[in-house]
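This report concerns only the one structure given below.
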Amino acid sequence: MSQSLAGQIKRDAIVTRVDAASGEEVIRLLAARLEKLGYVRPSFADAVLAREARMPTGLPMGRDSNVAVPHTDPEHVVKPGIALATLSHPVDFANMEDPEESVPVGLVFMLALNDKDKQIEMLQQIMLTIQDETLSQKLLDAGTADELLALLDGAQQGEQ
1 MSQSLAGQIK RDAIVTRVDA ASGEEVIRLL AARLEKLGYV RPSFADAVLA REARMPTGLP
61 MGRDSNVAVP HTDPEHVVKP GIALATLSHP VDFANMEDPE ESVPVGLVFM LALNDKDKQI
121 EMLQQIMLTI QDETLSQKLL DAGTADELLA LLDGAQQGEQ
């Protein structure tokens, strides 16, 4: 894998313990962060929401708090980056496997990538990371962006 997950996540696009009422609110918050930092175009948030309606990204992990990985097409991306949010309480995202079903999500990785191969690589790295239930809980419990990045970087180092 050419670049680590921690290396793609932008520190200033990390928010912890977000008190959100909906998945849309989280998506708009993260998209606004990425836009302010120059990673995405103004069309990004609406494009992510439109894609989420067609192809949901809620990943059921069999836990009280699951994961979502919202993303959209490369034309809405200026330069690659990933935003990350931990939520103070889970919000519902539609289930990737069964869109009629909701998944309570507490950890959101928002991908802003302009290379399909890189997108697949990052999705694989996220899946490897979140399959570790202990690490996922530590990510949810982290209070700062630096803590989250250190946990992710440590996990990446452990895989090598």
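Quick note on the UniProt record's numbering: the sequence shown kicks off at 1 and runs consecutively.
C-beta: ideal position from N, C-alpha, C; glycine also.
- Beta-bridge annotation (DSSP): Thr72 is not paired with any residue.
- Shown here, Leu29 sits in a helix according to DSSP, grouped into three states.
- Inter-segment contact for the stretch 28-38 and the stretch 80-92 is present: three or more beta-carbon pairs are separated by less than 8 Å.
- The residue among Ser102, Val40, Asn114 and Glu97 with its C-alpha nearest the C-alpha of Asp64 is Ser102.
- In this structure, Leu107 places its C-beta atom within 8 Å of the C-beta atom of Leu140.
- Straight-line spacing of the CA atoms in Ala142 and Arg54 works out to 32 Å.
- Take Asp146, set aside five residues on each side of it, and the residues of its chain with a beta-carbon closer than 8 Å to its own are Arg11, in chain order.
- Within the model, the alpha-carbon separation for Glu97 versus Ala47 is close to 21 Å.
- Under the criterion of beta carbons closer than 8 Å, Phe44 and Thr72 qualify as touching, at roughly 7 Å.
- Cβ neighbours of Glu52 within its own chain (closer than 6 Å, five residues either side excluded): Pro70.
- Within the UniProt domain "PTS EIIA type-2" (7-155), complete alpha helix (DSSP H) segments of at least 4 residues are found at 23-36, 44-54, 116-130 and 133-141, given in chain order.
- With fewer than 16 other Cβ atoms from the protein chains shown falling within 10 Å of its own Cβ, Pro42 counts as exposed.
- At the C-beta level, Leu148 and Thr16 come within 8 Å of one another.
- Remark: C-beta atoms of Gly58 and Asn95 approach each other more closely than 8 Å.
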